[in-house]
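J.:
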Amino acid sequence: MAASLQMAALLSAPSTPINPDKLRFGSIPVGRKVSNLIVRSDGRMMTGGFSPSARGGILIPSAVAAKSDAPASSTSSKPGHELLLFEALREGLEEEMDRDPRVCVMGEDVGHYGGSYKVTKGLATKYGDLRVLDTPIAENSFTGMGIGAAMTGLRPIVEGMNMGFLLLAFNQISNNCGMLHYTSGGQFKIPIVIRGPGGVGRQLGAEHSQRLESYFQSIPGLQMVACSTPYNAKGLMKAAIRSENPVVLFEHVLLYNLKERIPDEEYICCLEEAEMVRPGEHVTILTYSRMRYHVMQAAKTLVNKGYDPEVIDIRSLKPFDLYTIGNSIKKTHRVLIVEECMRTGGIGASLRAAIIDNFWDYLDAPIMCLSSQDVPTPYAGTLEEWTVVQPPQIVAAVEQLCQ
Amino acid sequence: MSAFSAVKILHAHPSLAVRSSAAESSSNKPKPSFPSSPSSPFNSTNPSSSSSSLSSSPLRGNRRRPILAVSSDVVSKKQQQRPPLVATPAVTREESLELYEDMILGRTFEDMCAQMYYRGKMFGFVHLYNGQEAVSTGFIKLLSRADSVVSTYRDHVHALSKGVPARAVMAELFGKATGCCRGQGGSMHMFSAEHNLLGGFAFIGEGIPVATGAAFTSKYRYEVLKESNPNGLDVTLAFFGDGTCNNGQFFECLNMAQLWKLPIVFVVENNLWAIGMSHLRSTSDPEIWKKGPAFGMPGVHVDGMDVLKVREVAKEAIERARRGEGPTLVECETYRFRGHSLADPDELRKPDEKAHYATRDPITALKKYILEHNLASESELKTIEKKIDDEIEEAVEFADSSPHPPRSQLLENVFADPKGFGIGPDGKYRCEDPKFTQGTAQV
């Protein structure tokens, strides 16, 4: 067992609002983002790129998600470039494929079609048909094939055209992906990335609107992350590819066209860390993926009403970043979880349990959890809207919590 | 009238009655040919390769005899009637002794497993390979270290044939820390990175995609990474049973392997039974080798109780794969002398069927062959048997005296990168907590 540190380059994220015109569901301003503190492989921690504190020893130094210092200094603010979330994913993927020839992609329509959400567009022309492999429609088998390839030295990325299709690959994801490293006594590692769009879209119907994070979360040996902005999409994609663990990267169908300016220089995001979206004092709101934007929209209303919510995008669905979450709870003493997956057995349910286990003494109120209704997502637009958590509900929940 | 419980003859052609003498000529068998490769080695008229029932050309249309399901025993019975036209042995002396030793190793090991199980040294589900040794030895002894093997839960002998030391396998079965998987895998999950044994899978069919992936890597290394290998592509063998051949993953992987011409051989160990389910009761068309041509690859049927016949077919299939010509489906008709597992009362199989296959014990057959062709003497074979006995005894002693896994081992291999356990409330990665290395942390 080797505790291998991730090679990382740190950059502080320039805080830029997301261009509201580019959002498919209206304008949602986003607060300042916080730099991600990355652990360097030589053990040094870096905040904002400016005060490295050298740490001796070979233990993994603590990874701390800190608030950014005052406006990013000029040395770190190169202009950057603007792109959409799916382009950010592709950029991350392409950089990793350039860097390591063992990285390959397999999935349905990833090659010539360029990916159903264009994440792999152009890659097959550049890297060839074997490296960006168009598979037949056989999820269980090509996921298993990815696992076999990972065991024998490649670093495949398996795309589920829609995350829901990966239900067919559950056998391989659970038995082989998650467990094989353990049952082989550590002899084989599975550095696979399984990614794809999930979540409730625009009237896509029940089967194309599934949230699989709750189904996969019990699988031991698996890491799960959910991206929500172009910045963390690229960072998490790169981190997932470099990770020696099997990682499931959840993307959301409605977020692919988010536009943001991201740094020109190379960066990765830490897989296990949460992201501070908006610091606050009154209540901690924990969310991920698309619900982040509903929360931020509700935050606008809440600020006008005089509340100061602290919004954290947990990003790492398994394992939870208990440090960021805990620090927040110790400050605000109130927790609201806003998620898109089902109430029963969802990420929120696990998060609640983890918070109660670890931070019970700091709570002034019961943990509230807003999840989607335990209902197969209806096709009708009005019904679909009512299954998912909407900003007014979030506002009402915060008001209730803060009484 | 069927003599065996596993055999059901429908619309019996008079000359195909069970155990008929050689009236049935080979004229009813479709002439061998495989359209995509006119010089295919499977298109042999070499009488010494009389073992293979070759795939009939899809272009030739229907078979000439009515559709019936027969015990593959009947098919091979016909083959046994044909007298060998060539008297020279098919293997050298060294090869024959290697094969003999490997099969004796497999048999002795499995017998010892049974003993140890009933003495309470190992637990759970243990599936023994007695009777099927010819398949494992016939195929795996042709492989090099870099080639891969993927198996099922009946994997002890595949591990031994691939080169995993008997003591490592025995220690794994005893659940000791010195086992090949540190005691964490058990009987059904034998892995060896050193010997390229990729498992050991408990769910049937689950290993076939993994094998396909290993073959994909082999092709990828050659085509994308431009690694050269003077011997050709590294080959992967996927072993699985008759029951698995009704599973979706089997068909999906046949398709993908042929589509991309992956260097893989699909080896079906058809022992006619999936626990208590007879192959004929569960399969619409029980001739599994025919499913190969349906996907565009050669399908070959071979007598899996004869190690020399298996080896010959295996040689060709493996060479095909090495040359980059793609996969082959090989159906080995074989039989397990014991129940499905040590917990299986084995009440459904008729005694006469078992007795029949007992007469075709592959080890006895090879021994007879060796002695008849003067490849070795009786005492040399006895020496080999004694050597294996000693090796197995030593393996048991080693396993017995090995330590159980300590508590500290509990959390070590959950993640290749233990940062995957996440960040704890104190800001440090949880894996830095000493309770993780002690194995007492709550995960």
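Line by line, the protein sequences are chains A and B. Under the UniProt record's numbering, the first residue of the first sequence carries the number 1, and numbering increases by one thereafter. Under the UniProt record's numbering, the first residue of the second sequence carries the number 1, and numbering increases by one thereafter. Note that CB positions come from ideal geometry on N, CA and C, so glycine has one too. All values reported here derive from a predicted model rather than from experimental measurement.
Closer than 8 Å is the cut-off here; do at least three beta carbon pairs connect the stretch 211 to 223 of chain A with the stretch 394 to 410 of chain B?
T.: Cβ pair count under 8 Å is below three, so no.
J.: Give a yes or no on whether the minimum CB-CB distance between Asp417 of chain B and chain A is below 7 Å.
T.: Here residue 417 of chain B is taken as the residue at index 417 of the second sequence, counted from 1. Chain A, which has a Cβ nearer than 7 Å to the Cβ of Asp417 of chain B, makes this yes.
J.: Closer than 6 Å by C-beta to Lys330 of chain A: which residues in its own chain qualify, once you throw out the five before and the five after it? Chain order, please.
T.: Within the first sequence, residue 330 of chain A is the residue found at index 330, counting from 1. Hits under 6 Å: Tyr362.
J.: Considering just the uninterrupted stretch of the beta strand (DSSP E) at His81 of chain A, what are its terminal residues?
T.: Here residue 81 of chain A refers to the residue found at position 81 when the first sequence is read from its first residue. Element bounds for His81 of chain A: 81 to 84.
J.: Judging by CA-CA distance, which residue of A:Gly199, A:Ala396, A:Tyr267 is the nearest neighbour of Glu384 of chain A?
T.: The residue labelled residue 384 of chain A in the question sits at position 384 within the first sequence. That would be A:Gly199, whose Cα lies nearest to the Cα of Glu384 of chain A.
J.: Tell me whether the stretch 125 to 133 of chain B and the stretch 323 to 340 of chain B touch, counting them as touching only if at least three CB pairs, one residue from each stretch, are closer than 8 Å.
T.: These segments touch.
J.: Could you round the C-beta distance between Glu272 of chain A and Thr324 of chain A to whole angstroms and report it? I think they count as a contact, below 8 Å.
T.: By one-based count along the first sequence, residue 272 of chain A stands at place 272. By one-based count along the first sequence, residue 324 of chain A stands at place 324. Incorrect: roughly 10 Å between the Cβ atoms, too far for contact.
J.: Helix, strand or coil: which one does DSSP assign to Asp313 of chain A?
T.: The count along the first sequence starts at 1 and reaches residue 313 of chain A at position 313. Strand at Asp313 of chain A.
J.: Assign Asn270 of chain B to buried or exposed, taking buried as 16 or more other Cβ atoms, counted over all protein chains shown, within 10 Å of its Cβ.
T.: Position 270 of the second sequence, counting from 1, holds the residue named residue 270 of chain B. Label assigned to Asn270 of chain B: buried.
J.: Between which two residues does the beta strand (DSSP E) containing Glu331 of chain B stretch?
T.: On the second sequence, residue 331 of chain B is found 331 positions in, with the first residue counted as 1. Here the beta strand (DSSP E) through Glu331 of chain B covers 328 to 333.
J.: State the DSSP-derived secondary structure class of Met112 of chain B, mapped to helix, strand or coil.
T.: Indexing the second sequence from 1 puts residue 112 of chain B at position 112. Met112 of chain B: helix per DSSP, three-state reduction.
J.: So which residues on chain A does Asp426 of chain B lean against when the C-beta distance must stay under 9 Å?
T.: Translated into positions along the second sequence, residue 426 of chain B becomes position 426. Ser62, Leu322, Tyr323, Gly326, listed in chain order.
J.: Tell me the DSSP bridge mates of Tyr429 of chain B?
T.: Position 429 of the second sequence, counted from the start, is the residue given in the question as residue 429 of chain B. According to DSSP, Tyr429 of chain B bridges with B:Ile423.
J.: Taking Cβ positions, are Leu237 of chain B and Val265 of chain B nearer each other than 7 Å?
T.: The sequence position of residue 237 of chain B within the second sequence is 237, counting from 1. The sequence position of residue 265 of chain B within the second sequence is 265, counting from 1. In this structure, Val265 of chain B lies closer than 7 Å to Leu237 of chain B by Cβ.
J.: With a CB to CB cut of under 7 Å and the five nearest residues on each side skipped, what residues in its chain are close to Lys238 of chain A?
T.: Reading the first sequence from its first residue, position 238 is the one you call residue 238 of chain A. Excluding sequence neighbours, Lys238 of chain A sits near Gly92, Glu95, Glu96, Ile268.
J.: For Val414 of chain B, which residues from the same chain have a beta carbon less than 8 Å from its beta carbon, with the 5 sequence-adjacent residues on both sides left out?
T.: Position 414 of the second sequence, counted from the start, is the residue given in the question as residue 414 of chain B. Excluding sequence neighbours, Val414 of chain B sits near Gly420, Phe421, Val443.
J.: What's the gap between the Cα of Arg102 of chain A and the Cα of Leu225 of chain B?
T.: Here the question's residue 102 of chain A lines up with position 102 in the first sequence. Here the question's residue 225 of chain B lines up with position 225 in the second sequence. Approximately 8 Å, taken between the alpha carbons.
J.: Restricting to Cα atoms, I'd like to know which of A:Ser228, A:Asn245, A:Ala233, A:Glu108 is closest to Leu222 of chain A.
T.: Taking the first sequence and counting its residues from 1, the one referred to as residue 222 of chain A is at position 222. The option with the nearest alpha carbon to Leu222 of chain A is A:Asn245.
J.: Tell me whether Glu108 of chain A is buried or exposed, calling it buried when 16 or more other Cβ atoms sit within 10 Å of its Cβ.
T.: Counted from its first residue, the first sequence places residue 108 of chain A at position 108. Buried, because 16 or more other Cβ atoms sit within 10 Å of the Cβ of Glu108 of chain A.
J.: Is the beta carbon of Leu286 of chain A closer than 7 Å to that of Ile337 of chain A?
T.: Counting from one through the first sequence, the residue named residue 337 of chain A turns up at place 337. Counting from one through the first sequence, the residue named residue 286 of chain A turns up at place 286. Against a cut-off of 7 Å, the Cβ pair of Leu286 of chain A and Ile337 of chain A comes out as a contact.
J.: Give me the residue from A:Ser371, A:Ile347, A:Ala138 with the minimum Cα distance to Pro391 of chain A.
T.: As a working mapping, residue 391 of chain A is identified with position 391 in the first sequence. Ranking A:Ser371, A:Ile347, A:Ala138 by Cα distance to Pro391 of chain A puts A:Ser371 first.
J.: Using 10 angstroms around the beta-carbon of Arg24 of chain A, count the other beta-carbons present and answer buried if the total reaches 16, otherwise exposed.
T.: Taking the first residue of the first sequence as 1, we reach residue 24 of chain A at position 24. Model confidence at Arg24 of chain A stands at a pLDDT of 40, short of 50, so the residue's coordinates are unreliable and nothing is read from them.
J.: What first and last residue would you give for the beta strand (DSSP E) that runs through Val265 of chain B?
T.: By one-based count along the second sequence, residue 265 of chain B stands at place 265. Where Val265 of chain B is concerned, the enclosing beta strand (DSSP E) stretches over 264 to 270.
J.: Following the continuous beta strand (DSSP E) through Gly299 of chain B, name the residue where it begins and the one where it ends.
T.: For the purposes of this step, residue 299 of chain B is taken as the residue at position 299 of the second sequence. Its beta strand (DSSP E) spans residues 299 to 303.
J.: Can you list the residues of chain B that Phe128 of chain A reaches, using a CB-CB cut of under 9 Å?
T.: To locate residue 128 of chain A, count along the first sequence from 1; it is residue 128. First, the amino acid is wrong: residue 128 of chain A is Gly here, not Phe. In chain order: Glu223, Val224.
J.: For Ser401 of chain B, which residues from the same chain have a beta carbon less than 7 Å from its beta carbon, with the 5 sequence-adjacent residues on both sides left out?
T.: Taking the first residue of the second sequence as 1, we reach residue 401 of chain B at position 401. Cβ neighbours of Ser401 of chain B beyond the five flanking positions: none.
J.: Starting from Leu286 of chain A, follow its DSSP beta bridges and name the residues at the other end.
T.: Position 286 of the first sequence, counting from 1, holds the residue named residue 286 of chain A. A:Ile312, A:Ile337, per the DSSP bridge assignment.
J.: Residues of chain A with CB closer than 8 Å to the CB of Phe295 of chain B, please, in chain order.
T.: In the second sequence, counting from the first residue as 1, residue 295 of chain B sits at position 295. Per Cβ cutoff of 8 Å: no residues; Phe295 of chain B is ~11 Å from chain A at best.
J.: I think Phe398 of chain B touches Met112 of chain B, with their Cβ atoms under 8 Å apart; what is that distance to the nearest whole Å?
T.: Along the second sequence, one-based indexing puts residue 398 of chain B at 398. Along the second sequence, one-based indexing puts residue 112 of chain B at 112. Wrong, their Cβ atoms sit about 12 Å apart, outside the cutoff.
J.: Taking the straight line between their C-alpha atoms, what separation do you get for Gln400 of chain A and Arg334 of chain A?
T.: To locate residue 400 of chain A, count along the first sequence from 1; it is residue 400. To locate residue 334 of chain A, count along the first sequence from 1; it is residue 334. So the two alpha carbons sit approximately 11 Å from each other.
J.: Would you verify that the beta carbon of Ile423 of chain B is, or is not, closer than 7 Å to some beta carbon of chain A?
T.: Sequence index remark: in the second sequence, residue 423 of chain B carries index 423 (1-based). Closer than 7 Å: yes.
J.: Taking Cβ positions, are Val253 of chain A and Pro197 of chain A nearer each other than 7 Å?
T.: Stepping through the first sequence from its first residue, residue 253 of chain A is reached at position 253. Stepping through the first sequence from its first residue, residue 197 of chain A is reached at position 197. In this structure, Pro197 of chain A lies closer than 7 Å to Val253 of chain A by Cβ.
J.: Quick check on Arg281 of chain B: does DSSP put it in helix, strand or coil?
T.: On the second sequence, position 281 is the one that residue 281 of chain B refers to. Of the three classes helix, strand and coil, the one that applies to Arg281 of chain B here is helix, per DSSP.
J.: Going along chain B, which residues have a C-beta under 8 Å from Met151 of chain A?
T.: Walking along the first sequence from the start, residue 151 of chain A turns up at place 151. Under the 8 Å cutoff, chain B gives Leu198, Val210, Gly213, Ala214.
J.: At the level of alpha carbons, what is the spacing between Gly424 of chain B and Lys121 of chain B?
T.: For the purposes of this step, residue 424 of chain B is taken as residue 424 along the second sequence, with counting starting at 1. For the purposes of this step, residue 121 of chain B is taken as residue 121 along the second sequence, with counting starting at 1. Using only the alpha carbons, I get a separation of about 40 Å.
J.: Determine the direct distance from the alpha carbon of Lys350 of chain B to that of Tyr369 of chain B, and round the result to whole angstroms.
T.: Residue numbering aside, residue 369 of chain B sits at position 369 when the second sequence is read from its first letter. Residue numbering aside, residue 350 of chain B sits at position 350 when the second sequence is read from its first letter. Taking the straight line joining both Cα atoms gives about 29 Å.
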